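Add 202 to the 1-based position in the sequence shown for this note's numbering, that's all there is to it.
Just so it is clear, CB atoms sit at the ideal spot from N, CA and C, and this is done for glycine as well.
Fair warning: this is a prediction, and the values are worked out from it, not measured in the lab.
Comments concern the structure below.
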Amino acid sequence: LSLHDALPISVILLGGPFSERGDLEFLRRLRGGRNPAQMPVIVLGNSDAASVKAPYLDAGADAYLVRPVDWAIVCAEVSTRVRQVSQHRRSSWFDPLTGALNRGGLTVHFTQAHNRAMAQGRPFSLALLDMDRFKAVNDTYGHAQGDALLHCAACRLRQEMRVTEFLGRWGGERSEERRVGKECRSRW
């Protein structure tokens with residue numbers, strides 16, 4: 203489990219009691235590797251020199267602010283960065299047609315939910331749904347009607363779901379529902 207999966211972190215501020223060298227190394231490890239952390243990182247540094255700031259920005263810092271800092275600026279920077287990440291996640295994790303998680307978002311949510319369920323010894327279920335002959339709807343009535351059908355199907359599925367469940371659209375017309383803490387049972 204990576205740092206950003208294990209902890210509910212929205213932003214990281216570097217520049218506390220650690221040395222600047224330690225912060226830079228931490229940042230490189232945070233942003234490097236196969237699964238880099240996606241939360242914003244803001245560095246509070248001591249120097250305005252480009253030669254000091256550049257390595258932090260090259261390593262993946264979102265901003266470098268020079269001390270002494272105006273905390274109103276830090277708060278504004280944090281708010282802006284968190285909002286940007288939230289908007290990015292929304293656009294990269296959700297299918298715009300159905301509002302369901304897309305393949306990327308489904309993979310992230312599935313991994314987190316599965317790991318939590320296994321760690322807590324709870325049951326974990328997966329339901330796969332396939333809309334038979336969906337291509338015929340598109341071919342007969344047009345893609346606008348097919349899109350409307352997908353949207354309505356996702357809305358109907360959401361109405362039947364528990365708070366702990368989430369809906370994803372893997373691709374095409376296939377949808378998946380993940381059930382955490384419940385045995386899979388038919389409801390449709």
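(message) Extract the residue ranges of the beta strand (DSSP E) inside the segment 265-323, only unbroken runs of 3 or more that lie entirely within it.
(response) 265-268
(request) Could you spell out where the beta strand (DSSP E) holding ALA329 opens and where it closes? (result) 326-331
(message) In the DSSP assignment, the alpha helix (DSSP H) including GLY348 goes from what residue to what residue?
(response) 345-362
(message) Please tell me whether GLY262 and VAL243 are closer than 8 Å, where the distance is taken between their beta carbons.
(response) yes
(request) Could you name the residues that DSSP lists as bridge partners for ARG335? (result) ARG335 pairs with nothing; no bridge assigned.
(request) My understanding is that LEU369 touches ARG360, with C-beta atoms under 8 Å, so please give their C-beta distance in whole angstroms. (result) 6 Å
(message) With the cut-off set at 8 Å, would you say TYR266 and VAL245 are in Cβ contact?
(response) yes
(message) Check this for me: beta carbons of SER336 and GLY348, under 8 Å apart or not?
(response) Going by the sequence as given, residue 336 is Phe instead of Ser. Yes, the Cβ-Cβ distance between PHE336 and GLY348 is below 8 Å.
(message) I need the straight-line Cα distance from MET333 to THR282, nearest angstrom please.
(response) 40 Å
(request) Using 10 angstroms around the beta-carbon of GLY307, count the other beta-carbons present and answer buried if the total reaches 16, otherwise exposed. (result) With a threshold of 16 other beta carbon atoms within 10 Å, GLY307 meets it and is buried.
(request) State buried or exposed for GLY373, treating a residue as buried only when at least 16 other CB atoms are found within 10 Å of its CB. (result) exposed
(request) Below 8 Å on the Cβ atoms is my guess for CYS353 versus LEU299; work out the distance and round it to an integer in Å. (result) According to the sequence shown, residue 353 is His rather than Cys. The Cβ separation is near 6 Å, so the contact holds.
(request) Please name the residue, chosen from MET320, HIS311, ASN340 and LEU331, that lies closest to GLU367 on a Cα-to-Cα basis. (result) HIS311
(request) For VAL245, name the three-state secondary structure that DSSP assigns. (result) strand
(request) Sort out for me which residues DSSP pairs ILE211 with in a bridge. (result) Note: ILE211 sits in no beta bridge, so no partner.
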